[in-house]
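S.K.:
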Amino acid sequence: MKRSRIIAALTALLMLPAVSLNAHADEHPFTYNKDAWAFANTFYMIGNFYRLTPDDHAIMEKTLSHTERRVFEECMAQKWQGCCYGFAVTALMAHEGMIDLQKYTPDAACLHDIDVSEEAVSLLDYYQQMQCMDETRNEIAWITYYETSEERLQKLLKLVKDDTPALLCYQGHFGATPNICGHAVVAYDYESGDYTWDEKHYDGMVKIYDNNFAYDNDRAYLYLDTQNGNWCIPEYKLYSEEDAQIGQVSADLEYLNNKGLIAGTNYQSDKPPMALLQSGKLNGKYSCTKSSFDEAWHDTQDDAEIKEFCYVFGSMVASDQDFIAPDAESGYCVTVQDEQELELTMFYPGLLLYTKGVGKATRFS
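Structure follows, in structure tokens:
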């Protein structure tokens, strides 16, 4: 058995200026041809690899903790899988007047006026990878553990019925895709009506700015049956009664802009830290249990607190196997029946542990 080695430890965080909101931002509703980006979330428009301008990379270097920088840069170096989270968060920020639009396109009066440029792509890519921030990862772990998809849907409805645009993340098998994937959009309005999709009837509609399109696409809206809580997104053939799930929902820009490129905050959550373990594909029978060392290793058989789930970054395929638990002080052990290559990453508060090798068990403590 190989002992995992410490990759990095938490470093002091840079104190960042508070967010400056436009006092007039809430005087107008989110409007598609003003508050949405004019180009779509496709590599045809913004390229097929992630990148930052030198100035933006310098901000990332001095703003993030050592562990966050490592994960951030690994995400930047991976194969391009979309930038939906970046599109959604920056659209919410622009609606609140937080982005200096003229910095990206002279004479731009709204986000829709911004042209494709290296500076704009860098902005999108920066916010896309902010999903790897410690606070964001812990928030997603916490809501996944303690909340249901139905509870997050109710949170979304409360926001949009109050005319508050919000980040909406959801996941499922998009169309015929065999893997679970995720997407991030802006939900901004609600209407009652009579809607039919695939011979199913719905009486509510959440309007969505879906950055996969450069136009307002009503097939990308979320349609809801208020009688039973079932919902669908026709564009992707996602249905709640099958496997589609509502993920993160937030209109809190202090949280969404935590350590952000533009007037980033130093957001402190009141949620307790979670233990999150991500693994490559485990073949055959496997288990994840708590582990401790007292002259010898002790692996408890009581794993009721540990839940398995799919952790999905926006517009990305879910990782193979993930485990989550509320005890961030305990050690954990992943065991497989047949010897195989094990590659796992363990996230504790301010600490990132990684191991890779062939064996039947890996312990983190």
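Residue numbering for the sequence shown follows the working numbering, starting at 2 and increasing by one per position.
Note that beta-carbon positions come from the ideal geometry of N, C-alpha and C, so glycine has one too.
#1: Does the distance from the C-beta atom of residue 50 to that of residue 81 stay below 8 Å?
#2: Taking 8 Å as the limit between beta carbons, can you name the residues of its chain near residue 230, skipping five residues before and five after?
#3: Round the Cβ separation of residue 34 and residue 113 to the nearest angstrom and send it over; I've been treating them as touching at under 8 Å.
#4: Classify residue 44: buried if its beta carbon has 16 or more other beta carbons within 10 angstroms, exposed otherwise.
#5: Verify whether the separation of the beta carbon atoms of residue 128 and residue 86 is less than 8 Å.
#6: Report yes or no: do the segment 276-286 and the segment 327-337 share at least 3 C-beta pairs separated by less than 8 Å?
#7: Quick one, which of 205, 115, 210 has its alpha-carbon nearest residue 46's?
#8: Can you check the segment 24-82 for any alpha helix (DSSP H) of at least 4 residues that lies completely inside it and give the ranges in chain order?
#9: With a cut-off of 8 Å on the beta carbons, I'd call residue 307 and residue 145 a contact; round off their distance for me.
#10: Here's a check: name, in chain order, each residue in its chain whose Cβ is nearer than 7 Å to the Cβ of residue 76, leaving out the five neighbours to either side.
#11: Just the Cα atoms here: how many angstroms apart are residue 345 and residue 247?
#12: In this structure, how does DSSP classify residue 139 when only helix, strand and coil are distinguished?
#13: Are there 16 or more other CB atoms within 10 angstroms of the CB of residue 364, so buried, or fewer, so exposed?
#14: So which of 333, 195, 199, 62 has the shortest CA-CA distance to residue 238?
#15: How should residue 222 be labelled, buried or exposed, when 16 other C-beta atoms within 10 angstroms of its C-beta is the threshold for buried?
#16: When DSSP labels each residue in this structure, what does residue 269 get in the three-state scheme?
#17: Which residues in the same chain have their Cβ closer than 6 Å to the Cβ of residue 1, if we skip the five residues on either side of it in sequence?
#18: Could you pull the DSSP bridge partners for residue 364 from this structure?
#19: How many angstroms separate the CA atom of residue 184 from the CA atom of residue 209?
#20: Report, in whole angstroms, the separation of the C-beta atoms of residue 194 and residue 225, which I expect to be a contact under 8 Å.
#21: Could you name the residues that DSSP lists as bridge partners for residue 300?
#22: Helix, strand or coil, according to DSSP, for residue 253 in the structure here?
#23: Going straight from the alpha carbon of residue 196 to that of residue 158, what length do you get?
#24: Can you name, in chain order, every residue of its own chain whose Cβ lies under 7 Å from the Cβ of residue 69, other than the five neighbours on each side?
#25: In three-state DSSP terms, what is residue 128?
#26: If I measure Cβ to Cβ from residue 176 and keep anything under 8 Å in the same chain, skipping five residues before and after, which residues do I get?
#27: What are the uninterrupted segments assigned as alpha helix (DSSP H) that are 4 or more residues long and contained completely in the segment 139-224, given in chain order?
#28: Of all the options 293, 274, 105, which has the alpha carbon lying nearest to the alpha carbon of residue 327?
#29: Does the distance from the C-beta atom of residue 270 to that of residue 97 stay below 8 Å?
#30: Below 8 Å CB to CB, which residues in the same chain sit around residue 290 once its five sequence neighbours on both sides are set aside?
#31: Less than 8 Å between the C-beta atoms of residue 313 and residue 172, yes or no?
M.R.: Straight from the coordinates:
#1: Walking along the sequence shown from the start, residue 50 turns up at place 49. Walking along the sequence shown from the start, residue 81 turns up at place 80. Contact check for residue 50 against residue 81 passes: the beta carbons are separated by less than 8 Å.
#2: For this step, residue 230 is matched to residue 229 along the sequence shown. Answer for residue 230: 151, 154, 241, listed in chain order.
#3: Translated into positions along the sequence shown, residue 34 becomes position 33. Translated into positions along the sequence shown, residue 113 becomes position 112. Yes, they are in contact, since the Cβ atoms of residue 34 and residue 113 sit about 6 Å apart, within 8 Å.
#4: Locating residue 44 in the sequence shown gives position 43, counting from the first residue. Classification for residue 44: exposed.
#5: Numbered from 1 along the sequence shown, position 127 holds the residue referred to as residue 128. Numbered from 1 along the sequence shown, position 85 holds the residue referred to as residue 86. In this structure, residue 86 lies closer than 8 Å to residue 128 by Cβ.
#6: Segments in contact, yes.
#7: Counting from one through the sequence shown, the residue named residue 46 turns up at place 45. The candidate whose alpha carbon is nearest that of residue 46 is 115.
#8: List check, alpha helix (DSSP H) in window: 33-36, 44-47, 55-64, 67-78.
#9: Mapped onto the sequence shown, residue 307 falls at position 306. Mapped onto the sequence shown, residue 145 falls at position 144. Contact flag wrong, Cβ pair sits at about 13 Å.
#10: Taking the sequence shown and counting its residues from 1, one reaches residue 76 at position 75. Setting aside the 5 residues that flank it on each side, residue 76 is surrounded in the same chain by 130, 133, each with a C-beta closer than 7 Å to its C-beta; the list follows chain order.
#11: In the sequence shown, residue 345 corresponds to position 344, counting from 1. In the sequence shown, residue 247 corresponds to position 246, counting from 1. Cα atoms of residue 345 and residue 247: separation of roughly 26 Å, rounded to the nearest angstrom.
#12: Translated into the one-based positions of the sequence shown, residue 139 becomes position 138. In the structure shown, residue 139 falls within a helical segment according to DSSP collapsed to helix, strand and coil.
#13: Against the sequence shown, residue 364 aligns to sequence position 363. Result: buried.
#14: To locate residue 238, count along the sequence shown from 1; it is residue 237. Minimum Cα distance to residue 238 is reached at 199.
#15: Translated into the one-based positions of the sequence shown, residue 222 becomes position 221. Buried: at least 16 other Cβ atoms inside 10 Å.
#16: Here residue 269 refers to the residue found at position 268 when the sequence shown is read from its first residue. Note: residue 269 maps to coil in three-state DSSP.
#17: An answer regarding residue 1 cannot be provided, because it is not within the stretch 2 to 366 covered by the chain.
#18: Numbered from its first residue, the sequence shown carries residue 364 at position 363. Paired residue(s): 334.
#19: The residue you call residue 184 lines up with position 183 of the sequence shown. The residue you call residue 209 lines up with position 208 of the sequence shown. Their Cα atoms are separated by approximately 12 Å.
#20: As a working mapping, residue 194 is identified with position 193 in the sequence shown. As a working mapping, residue 225 is identified with position 224 in the sequence shown. Not quite, the Cβ-Cβ distance comes to about 11 Å (not below 8 Å), so this is no contact.
#21: By 1-based counting over the sequence shown, the position of residue 300 is 299. DSSP output for residue 300 lists 292 as bridge partner(s).
#22: Here residue 253 refers to the residue found at position 252 when the sequence shown is read from its first residue. Three-state result, residue 253: coil.
#23: Taking the sequence shown and counting its residues from 1, one reaches residue 196 at position 195. Taking the sequence shown and counting its residues from 1, one reaches residue 158 at position 157. For residue 196 and residue 158, the distance between alpha carbons rounds to 17 Å.
#24: Start at 1 with the first residue of the sequence shown, and residue 69 comes out as number 68. If we look at residue 69 and ignore the five residues flanking it on each side, its Cβ neighbours are 133, 134, 135.
#25: Sequence index remark: in the sequence shown, residue 128 carries index 127 (1-based). It is helical.
#26: By 1-based counting over the sequence shown, the position of residue 176 is 175. Non-local C-beta neighbours of residue 176 in its own chain, meaning closer than 8 Å and more than five positions away in sequence, comprise 237, 238, ordered along the chain.
#27: Listed in chain order, the complete alpha helix (DSSP H) runs (minimum 4 residues) inside the segment 139-224 are 150-162.
#28: As a first step, residue 327 must be located in the sequence shown, where it is residue number 326. The shortest C-alpha to C-alpha distance from residue 327 to any of 293, 274, 105 is the one to 274.
#29: Looking up residue 270 in the sequence shown gives position 269. Looking up residue 97 in the sequence shown gives position 96. Not in contact: residue 270 and residue 97 (Cβ atoms no closer than 8 Å).
#30: Taking the first residue of the sequence shown as 1, we reach residue 290 at position 289. Leaving aside the five residues that flank residue 290 on each side, the residues in its chain whose CB is nearer than 8 Å to its CB run, in chain order, 300, 301, 302, 303, 304, 307, 333, 334, 336.
#31: As a first step, residue 313 is located in the sequence shown; it is residue number 312 there, counting from the start. As a first step, residue 172 is located in the sequence shown; it is residue number 171 there, counting from the start. In this structure, residue 172 lies closer than 8 Å to residue 313 by Cβ.
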